[in-house]
Amino acid sequence: MQGVSSLHPIARSRLPSSAVIVGVVVLCRLPSFFRVIFDDDEAQYAAIGALVRAGGRLYQDGGVDFKPPGIYWTYACVFELAGRYAMWAVHLLALGVVAATACLLARIAERIATPRAGTLAGVFYGVFTTVYYPKMLAANTEIFMMLGLSAMTLLVLRARDASRWLGAMAAAGALVAIASAYKQSSVANALVIVAGVIGTRRWFARLAAAGAGCSLALGLGALVVAATSTLSGMWHWSVTRMIATHTSNAWQEGAVWHNVAVGLLPFVASSLVLWIAGLAAALRCKAWRVAERIVWVWLAISLLSSF
């Protein structure tokens, strides 16, 4: 009992919050264990992941898709540990990733507001990463990407007030690169780091540390791709072809409004409570603090990247 009572007050307050958040995530994602495949993306990742596990080369020996290599490596590693096409294990990993991301978002909200806001942020993430349609329960690139980006944002917020910021800034840059290994649009989140260092002492050195961390992670990733696949193939499929294909399809006549009607508007409607609360908070706030401005920049970048 003495050991429990001697816990730091902040640690004691976080235990129930984390438990609530994890509980909500587990409850919301339980249906993912009663269905093997949720969408065609999961089927592609599983097929290519099995190919990689068997020694095939990405973007070459049939492992062809528009995604960067991170998602295929993840599936391949899970299959190596749990067995070929063990989608239950992939969904279990996805649950853990979503729970960890929700807890990181809770720490961010707690840092800029209150512990109650942190709990709500984590719970809302757990809920609204499952709403609208069953496909959102899939182990797709977005949920793995968000873990790295959430950790990056928390590091940027902490580094502003820390006397020892070098390691945090380097790690933040590396996390942008790691997130980009799952989805190309993660690169835009480097602007969150820029927003985070504006107005700080030695801002250029902070940016340089983040750039060094990002470059190191990208370099290590490139070495792995070169050893197990082909850099030219990755660039062709996940950059050149992805841009050409998606931009041409997206801007076909009527496609934009169709996507808005069947994708954007129903999702906004299903999570309307978040948009109303966010708008109310934005209108009520007359002078944002630095941490709040960084999070609003993160939201704006995320919206633009999604579009």
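Using my numbering, the first residue of the sequence shown is number 6, and each one after it goes up by one. Glycine included, every Cβ here is placed at the ideal spot set by N, Cα and C. Note that the coordinates shown come from a computational prediction; the quantities given were computed from them, not determined experimentally.
Open item on the list: Could you compute how far the alpha carbon of LEU236 sits from the alpha carbon of ARG246?
Closed with: For the purposes of this step, residue 236 is taken as residue 231 along the sequence shown, with counting starting at 1. For the purposes of this step, residue 246 is taken as residue 241 along the sequence shown, with counting starting at 1. Whole-angstrom Cα-Cα distance: 14 Å.
Task: Status (buried if at least 16 other CB within 10 Å, exposed otherwise) for GLY224 - done: In the sequence shown, the residue the question calls residue 224 occupies position 219. Per the 10 Å Cβ criterion, exposed.
Open item on the list: I need the straight-line Cα distance from ALA286 to GLY238, nearest angstrom please.
Closed with: Numbered from 1 along the sequence shown, position 281 holds the residue referred to as residue 286. Numbered from 1 along the sequence shown, position 233 holds the residue referred to as residue 238. About 46 Å.
Task: Proximal residues to GLY131 (C-beta, below 7 Å), its chain only, five neighbours per side dropped - done: Within the sequence shown, numbered from 1, the residue matching residue 131 stands at position 126. Here the set comprises ILE26, VAL29, VAL30, CYS33, VAL103 and ALA107.
Open item on the list: Do SER155 and LEU110 count as a contact pair if the criterion is CB distance below 7 Å?
Closed with: Counting from 1 along the sequence shown, the entry for residue 110 is found at position 105. Counting from 1 along the sequence shown, the entry for residue 155 is found at position 150. The answer is yes: Cβ separation under 7 Å.
- [ ] Compare the beta carbon distance of ALA177 and VAL202 with 7 Å and say whether it is the shorter of the two.
- [x] Start at 1 with the first residue of the sequence shown, and residue 177 comes out as number 172. Start at 1 with the first residue of the sequence shown, and residue 202 comes out as number 197. It is not a contact, given that the beta carbons lie outside the stated cut-off.
Task: Residue burial classification, LYS291 (beta-carbon count within 10 angstroms, cutoff 16) - done: On the sequence shown, position 286 is the one that residue 291 refers to. LYS291 comes out exposed.
Task: Nearest-angstrom beta carbon gap, LYS140 and ASP44 [assumed within contact, 8 Å] - done: Looking up residue 44 in the sequence shown gives position 39. Looking up residue 140 in the sequence shown gives position 135. Their Cβ separation, rounded to whole angstroms, is 4 Å, which keeps ASP44 and LYS140 in contact under 8 Å.
Task: Beta-carbon proximity list for TYR80, same chain, < 7 Å, skipping 5 on both sides - done: In the sequence shown, counting from the first residue as 1, residue 80 sits at position 75. Answer for TYR80: TYR50, ALA51, GLY54 and VAL95, listed in chain order.
Open item on the list: I believe ILE299 touches ALA182 by the beta-carbon criterion, under 8 Å. Please report the beta-carbon distance rounded to the nearest angstrom.
Closed with: If you number the sequence shown from 1, residue 299 lands on position 294. If you number the sequence shown from 1, residue 182 lands on position 177. That belief does not hold up - the Cβ atoms of ILE299 and ALA182 are roughly 20 Å apart, past 8 Å.
Task: alpha helix (DSSP H) segment containing ARG112, residue limits - done: Reading the sequence shown from its first residue, position 107 is the one you call residue 112. Where ARG112 is concerned, the enclosing alpha helix (DSSP H) stretches over 92-117.
- [ ] Check whether the Cβ atoms of PHE149 and SER276 sit closer than 7 Å, and answer yes or no.
- [x] Here residue 149 is taken as the residue at index 144 of the sequence shown, counted from 1. Here residue 276 is taken as the residue at index 271 of the sequence shown, counted from 1. It is not a contact, given that the beta carbons lie outside the stated cut-off.
Open item on the list: I'd like the span of the alpha helix (DSSP H) that includes TYR80, first residue to last.
Closed with: Mapped onto the sequence shown, residue 80 falls at position 75. Run containing TYR80: 75-87, per the alpha helix (DSSP H) assignment.
Open item on the list: Please identify the residue among MET151, MET157, LEU98 and ALA193 whose C-alpha is closest to the C-alpha of ALA305.
Closed with: Translated into positions along the sequence shown, residue 305 becomes position 300. Selected option, being the one with the closest Cα: ALA193.
- [ ] Return the chain-ordered list of same chain residues with a C-beta closer than 7 Å to the C-beta of ALA222, the five sequence neighbours on each side being excluded.
- [x] Position 217 of the sequence shown, counting from 1, holds the residue named residue 222. Cβ-Cβ distances below 7 Å link ALA222 to ALA179, ALA182 and ILE183 in the same chain, with the five nearest sequence neighbours on each side left out; the list follows chain order.
Task: Assigned exposure category for GLY88 - 16 Cβ within 10 Å defines buried - done: What you label residue 88 is simply residue 83 of the sequence shown in a count that begins at 1. Classified as exposed, GLY88 has fewer than 16 neighbouring CB atoms from the shown chains inside 10 Å of its CB.
Open item on the list: Distance check for VAL57 and MET92, CA to CA, integer angstroms please.
Closed with: Numbered from 1 along the sequence shown, position 87 holds the residue referred to as residue 92. Numbered from 1 along the sequence shown, position 52 holds the residue referred to as residue 57. The alpha-carbon atoms of MET92 and VAL57 are separated by roughly 16 Å.
TODO: Along the alpha helix (DSSP H) that carries ALA155, what are the first and last residues, could you check?
DONE: For the purposes of this step, residue 155 is identified with residue 150 of the sequence shown, where counting begins at 1. A small correction: the amino acid at residue 155 is Ser; Ala does not occupy that position in the sequence shown. 146-166 is the extent of the alpha helix (DSSP H) around SER155.
Task: Between the CA atoms of TRP280 and SER37 - distance to the nearest angstrom - done: Taking the sequence shown and counting its residues from 1, one reaches residue 37 at position 32. Taking the sequence shown and counting its residues from 1, one reaches residue 280 at position 275. Spanning the two alpha carbons is a distance of roughly 27 Å.
Task: Which listed residue (ARG207, ASP66, TYR77 and ALA249) has its alpha carbon closest to that of LYS188 - done: Taking the sequence shown and counting its residues from 1, one reaches residue 188 at position 183. Taking LYS188 as reference, the option from ARG207, ASP66, TYR77 and ALA249 with the minimal CA-CA separation is TYR77.
Task: Reference GLY75, options ALA227, GLY67, ARG207 and GLY218, closest by Cα - done: In the sequence shown, residue 75 corresponds to position 70, counting from 1. When each option's Cα is compared against that of GLY75, the closest is ALA227.
Open item on the list: If you measure between the beta carbons of GLY218 and ALA186, is that distance less than 7 Å?
Closed with: What you label residue 218 is simply residue 213 of the sequence shown in a count that begins at 1. What you label residue 186 is simply residue 181 of the sequence shown in a count that begins at 1. Against a cut-off of 7 Å, the Cβ pair of ALA186 and GLY218 comes out as no contact.
Task: Nearest-angstrom Cα separation, counted from PRO73 out to SER311 - done: On the sequence shown, residue 311 is found 306 positions in, with the first residue counted as 1. On the sequence shown, residue 73 is found 68 positions in, with the first residue counted as 1. If you draw a straight line from the Cα of SER311 to the Cα of PRO73, it is about 17 Å long.
- [ ] Taking 7 Å as the cut-off, decide whether the C-beta atoms of TYR90 and SER234 are in contact.
- [x] Here the question's residue 90 lines up with position 85 in the sequence shown. Here the question's residue 234 lines up with position 229 in the sequence shown. Against a cut-off of 7 Å, the Cβ pair of SER234 and TYR90 comes out as no contact.
Task: Where the alpha helix (DSSP H) containing TYR138 begins and where it ends - done: Position 133 of the sequence shown, counted from the first residue, corresponds to residue 138. Looking at the DSSP string, TYR138 is not in any alpha helix (DSSP H), and its letter there is neither H nor E.
Open item on the list: Could you compute how far the alpha carbon of TYR137 sits from the alpha carbon of SER191?
Closed with: The residue given as residue 137 occupies position 132 in the sequence shown. The residue given as residue 191 occupies position 186 in the sequence shown. Straight-line Cα distance between these residues: approximately 23 Å.
Task: Beta-carbon gap between ALA144 and ALA210 smaller than 7 Å - done: As a position in the sequence shown, residue 144 is number 139, starting the count at 1. As a position in the sequence shown, residue 210 is number 205, starting the count at 1. The answer is no: Cβ separation not under 7 Å.
Task: Among CYS82, GLY61, VAL83 and GLY123, nearest to ALA24 - alpha-carbon criterion - done: Against the sequence shown, residue 24 aligns to sequence position 19. When C-alpha distances from ALA24 are compared across CYS82, GLY61, VAL83 and GLY123, the shortest belongs to GLY123.
Task: Beta-carbon separation (whole angstroms), VAL197 vs MET157, contact threshold 8 Å - done: The residue you call residue 197 lines up with position 192 of the sequence shown. The residue you call residue 157 lines up with position 152 of the sequence shown. That belief holds up - the Cβ atoms of VAL197 and MET157 are roughly 7 Å apart, short of 8 Å.
Open item on the list: Quick check on the burial criterion: 16 or more other C-beta atoms within 10 angstroms. Buried or exposed for PHE84?
Closed with: Counted from its first residue, the sequence shown places residue 84 at position 79. Buried: at least 16 other Cβ atoms inside 10 Å.
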